[in-house]
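Trainee:
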Amino acid sequence: MSLHVYNTLSRTKEPFTPVHPGRVGMYVCGPTVYGHSHIGHAKSYVSFDLMVRYLRHQGLTVRYVQNITDVGHLTDDADAGEDKIARQARLEKTDPMQVVEEYTRSYFEDMDALNVLRPDISPRASGHIPEQIELTQKLIADGFAYERNGSVYFDVRKFEQYGKLSGRRIEDLLDAVRVDAIVEKQHPGDFALWKRAEPEHLMQWNSPWGKGYPGWHLECSVMSTKYLGQPFDIHGGGLENMFPHHECEIAQSEACCGTQFARYWLHNNMVTVDGQKMGKSLGNAIGLKAAMIGDHPLLSKAYSGAVIRYYIMKSHYRSVTDFSDQQLQAAEAGLNRLQTALCELRKRTKEANADSESVQAIATKKRAAFLEAMNDDFNTPVAISHLFDLTRSVNSALSKGALGGSAAAAVLALYEELAGDILGILSEDTQADSAGGADLADGLMRLVLELRASARERKDWGTADAVRDGLAACGVVVEDRPDGPVWKCTKEQA
Ligand SMILES: [Zn+2]
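Quick note: the sequence shown uses this note's numbering, first residue -4, plus one each step.
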């Protein structure tokens, strides 16, 4: 099967065909940077990172654009409330752009720790104000928008296809909109393209309608098509933003240009914590930094970015991911098993060829099954289960000494392709280790074991035991066999 993706627009899995052969334009709604990232952000950006990696693995050239929202996102999605960045600046008694800088850096730090590849372009809304004004002017000129008291609204009744993504009907929108937000609007479902700024508003720009700032939806229409053209291939985001945010993006862009906006709409599902919806107000939001240092009442310990990433991919991006301490511990154990097998495989590549054809045949079969699962709308839980089936066969062959030399190297390369390049759960350090690091470890271990052997010959049991215990603390177990000692990593040496 070729790659099929679930398109929210059609509610079906469709074959993926890029607009321009060989190239993919992908836009994902980025964070509104007024606070540190939490595990909900991790789920979203790990999911789309996986897609980018897989598309590239398929030989496609991907341009990945993910914006930074630094203006216009209000505390109430229905065009009311305070700007989230400005509100944080007021609370921190600082400038909005300092808030933006602090949390943008924090966001990338966290994503780096999750091994999420950086987007090719990370445009900021505040850097694209002229383009947003231009799009608004065109929508007014074409009769899709109107100005009221310095604000400009999109007239949803003028765009016949409004609701095609979310399935909402304009007649039903009355219920969805707060009554106090509708005074200036011709229809309660109309949404703001440009908002009039009161004099005390912290972020405001000159416009043909007086001082103001752009509506949140507008930036994504402008920045996606500026860097990807229209139509472009994939628009991603969280399910919670399908309405109104994504619906409004489609209305603006398609009314403006008369062509389709994005071909495929991919939405990731949310996370829950111990089966409960996660939320700041519920007191169960888990920040990524807190999770990675183990400083959270719901977590018994720290979890690495690799464990969090791996745990997220154990469920499908369109399913709800439930986080709990217990499940993270289980994920950590699973990932350790995989890494132990890889550590052992690396060692065996230096040994004599022991070609277990059965393992190589299983590896080839499991690679095909893995890719087949990924082609089925990025089905990571199934792909990962194939990886673990293979690991069981590998471990069994390793324990019998039936895998070494070039055969071990071939199997190792397959792990680096599937678990490293595609899933991104092997860090670059770990992969680089396989070259120079393994030689060094081998040499050092030979030296340590010789010193231990000579201590034992001298009946210096204290030194011999101290060496064994010290190695155990580093995750190395030594087994004394009739033909000499054999060592084994019990955890990945990062
Ligand atoms: Zn967006």
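Backbone N, C-alpha and C fix where the C-beta goes; we use that ideal spot for every residue, glycine too.
If I follow the unbroken beta strand (DSSP E) through TRP189, where does it start and stop?
Mentor: By one-based count along the sequence shown, residue 189 stands at place 194. First-last of the beta strand (DSSP E) with TRP189: 186 to 191.
Trainee: Do VAL60 and SER219 have their C-beta atoms closer together than 8 Å?
Mentor: If you number the sequence shown from 1, residue 60 lands on position 65. If you number the sequence shown from 1, residue 219 lands on position 224. In contact: VAL60 and SER219 (Cβ atoms closer than 8 Å).
Trainee: Would you report the Cα separation of GLY274 and TRP260, rounded to the nearest angstrom?
Mentor: As a working mapping, residue 274 is identified with position 279 in the sequence shown. As a working mapping, residue 260 is identified with position 265 in the sequence shown. Computed Cα separation, rounded: 25 Å.
Trainee: Whole angstroms are fine: how far does the CA of ILE128 sit from the CA of LEU234?
Mentor: In the sequence shown, counting from the first residue as 1, residue 234 sits at position 239. In the sequence shown, counting from the first residue as 1, residue 128 sits at position 133. Going by the C-alpha atoms only, they are around 28 Å apart.
Trainee: Which residue or residues does DSSP assign as beta-bridge partners of ILE63?
Mentor: Reading the sequence shown from its first residue, position 68 is the one you call residue 63. ILE63 is bridged to ARG119.
Trainee: In the DSSP output, what is CYS484 paired with across the bridge?
Mentor: By 1-based counting over the sequence shown, the position of residue 484 is 489. VAL471, per the DSSP bridge assignment.
Trainee: If we ignore side chains and look at the alpha-carbon of each, how far apart do ALA427 and ALA408 end up?
Mentor: Your numbering for residue 427 matches position 432 in the sequence shown. Your numbering for residue 408 matches position 413 in the sequence shown. With a pLDDT of 47 at ALA427, under the threshold of 50, the modelled position of this residue cannot be trusted; read the value that follows with caution. Distance between the alpha carbons of ALA427 and ALA408 is about 12 Å.
Trainee: Using only alpha-carbon positions, find the residue among ARG191, LYS8, THR70 and LEU213 that is nearest to GLY122.
Mentor: One-based indexing of the sequence shown puts residue 122 at position 127. When only C-alpha atoms are compared, the closest one is LEU213.
Trainee: Spell out the partners DSSP gives ASN263 in its beta bridges.
Mentor: As a first step, residue 263 must be located in the sequence shown, where it is residue number 268. Beta-bridge pairing links ASN263 to GLY233.
Trainee: Name the DSSP bridge partner or partners of GLU9?
Mentor: Within the sequence shown, numbered from 1, the residue matching residue 9 stands at position 14. Answer is VAL0.
Trainee: Taking the alpha carbon of PHE238 as the reference point, which residue from GLN255, GLY282 and ASP167 has its own alpha carbon closest?
Mentor: The residue labelled residue 238 in the question sits at position 243 within the sequence shown. For PHE238, the nearest C-alpha among the options comes from ASP167.
Trainee: Kindly confirm or deny that the region 100 to 112 and the region 296 to 308 touch, where touching means at least three C-beta pairs closer than 8 Å.
Mentor: yes
Trainee: Give me the Cβ distance between ILE63 and SER117, rounded to the nearest whole Å; I'm assuming they're in contact under 8 Å.
Mentor: In the sequence shown, the residue the question calls residue 63 occupies position 68. In the sequence shown, the residue the question calls residue 117 occupies position 122. ILE63 to SER117, Cβ: 6 Å. Contact.
Trainee: Please report the distance separating the alpha-carbon of HIS241 from that of LEU160.
Mentor: Here residue 241 refers to the residue found at position 246 of the sequence shown. Here residue 160 refers to the residue found at position 165 of the sequence shown. Their backbone Cα atoms lie some 8 Å apart in a straight line.
Trainee: Rounded C-beta distance between ILE303 and ALA37? I'm assuming under 8 Å.
Mentor: Start at 1 with the first residue of the sequence shown, and residue 303 comes out as number 308. Start at 1 with the first residue of the sequence shown, and residue 37 comes out as number 42. So it is a contact: roughly 6 Å between Cβ atoms.
Trainee: In three-state DSSP terms, what is VAL443?
Mentor: For the purposes of this step, residue 443 is identified with residue 448 of the sequence shown, where counting begins at 1. VAL443 sits in a helix when the DSSP states are folded into three classes.
Trainee: How is ASP175 classed by DSSP in three states: helix, strand or coil?
Mentor: Here residue 175 is taken as the residue at index 180 of the sequence shown, counted from 1. Unreliable placement is indicated for ASP175, whose pLDDT of 49 sits below 50; the coordinate value is still reported in the next sentence. Three-state result, ASP175: helix.
Trainee: Under DSSP, the beta strand (DSSP E) around PHE318 begins and ends at which residues?
Mentor: Along the sequence shown, read from residue 1 onward, the residue named residue 318 stands at position 323. First-last of the beta strand (DSSP E) with PHE318: 316 to 318.
Trainee: What are the boundary residues of the alpha helix (DSSP H) that includes PHE492?
Mentor: Outside the shown range of the chain (-4 to 489) lies residue 492, about which nothing can therefore be said.
Trainee: With DSSP as the reference, label TYR22 as helix, strand or coil.
Mentor: Taking the first residue of the sequence shown as position 1, residue 22 is located at position 27. Three-state result, TYR22: strand.
Trainee: Cβ of TYR222 within 8 Å of Cβ of GLY67?
Mentor: Within the sequence shown, the letter at position 227 stands for residue 222. Within the sequence shown, the letter at position 72 stands for residue 67. Not closer than 8 Å, so no.
Trainee: Rank PHE154, GLN93 and ASN390 by C-alpha distance to the C-alpha of SER353 and give the top, closest one.
Mentor: By one-based count along the sequence shown, residue 353 stands at place 358. Nearest C-alpha to SER353: ASN390.
Trainee: Measuring only the C-alpha atoms, how far is ASP416 from ALA363?
Mentor: By one-based count along the sequence shown, residue 416 stands at place 421. By one-based count along the sequence shown, residue 363 stands at place 368. Near 16 Å, if we compare the C-alpha coordinates of ALA363 and ASP416.
Trainee: Keeping to the same chain, check which residues put their C-beta closer than 6 Å to that of SER429; ignore five residues upstream and five downstream.
Mentor: Position 434 of the sequence shown, counted from the start, is the residue given in the question as residue 429. Only weak support exists for where SER429 lies, its pLDDT of 47 falling under 50; the coordinates are left without a value.
Trainee: So which of ALA347, ALA285 and SER380 has the shortest CA-CA distance to SER101?
Mentor: Walking along the sequence shown from the start, residue 101 turns up at place 106. Closest option to SER101, Cα to Cα, is ALA285.
Trainee: Based on Cα-Cα distance, which residue from THR3, GLU9 and LEU4 lies nearest to SER(-3)?
Mentor: Stepping through the sequence shown from its first residue, residue -3 is reached at position 2. Taking only the C-alpha atoms, the option nearest SER(-3) is GLU9.
Trainee: For the region 80 to 97 and the region 36 to 56, state whether three or more C-beta atom pairs, one from each stretch, are separated by less than 8 Å.
Mentor: no
Trainee: Give the DSSP-derived three-state secondary structure of HIS15 in the structure shown.
Mentor: Counted from its first residue, the sequence shown places residue 15 at position 20. Strand.
Trainee: Let me know if ASP78 comes out buried or exposed under the rule of 16 or more other beta-carbons within 10 Å of its beta-carbon.
Mentor: Residue numbering aside, residue 78 sits at position 83 when the sequence shown is read from its first letter. Counting Cβ neighbours within 10 Å, ASP78 comes out buried, since at least 16 surround it.
Trainee: Between which two residues does the beta strand (DSSP E) harbouring THR70 extend?
Mentor: The residue labelled residue 70 in the question sits at position 75 within the sequence shown. Note, THR70: beta strand (DSSP E), 69 to 71.
Trainee: Go ahead and pull the three-state DSSP assignment for ARG113.
Mentor: Counting from 1 along the sequence shown, the entry for residue 113 is found at position 118. Note: ARG113 maps to coil in three-state DSSP.
Trainee: Less than 7 Å between C-beta atoms, sequence neighbours within five positions excluded: which residues of the same chain meet that for VAL95?
Mentor: Walking along the sequence shown from the start, residue 95 turns up at place 100. Within the same chain, VAL95 has close Cβ partners VAL28, ASP65 and ILE80.
Trainee: With burial defined as no fewer than 16 other Cβ atoms inside 10 Å of the residue's Cβ, what is the status of ASN263: buried or exposed?
Mentor: Numbered from 1 along the sequence shown, position 268 holds the residue referred to as residue 263. Its Cβ being crowded by 16 or more others within 10 Å, ASN263 is buried.
Trainee: State yes or no: is the C-beta of LEU197 within less than 8 Å of the C-beta of ALA140?
Mentor: Position 202 of the sequence shown, counted from the first residue, corresponds to residue 197. Position 145 of the sequence shown, counted from the first residue, corresponds to residue 140. Taking 8 Å as the Cβ cut-off, LEU197 and ALA140 do not qualify as a contacting pair.
Trainee: Output the residues surrounding ligand 1, defined as those with a CB atom closer than 5 Å to any ligand heavy atom, in chain order.
Mentor: CYS24 and CYS215
Trainee: Using the C-alpha atoms, what's the distance from TRP482 back to ARG476?
Mentor: Start at 1 with the first residue of the sequence shown, and residue 476 comes out as number 481. Start at 1 with the first residue of the sequence shown, and residue 482 comes out as number 487. One C-alpha to the other measures close to 10 Å.
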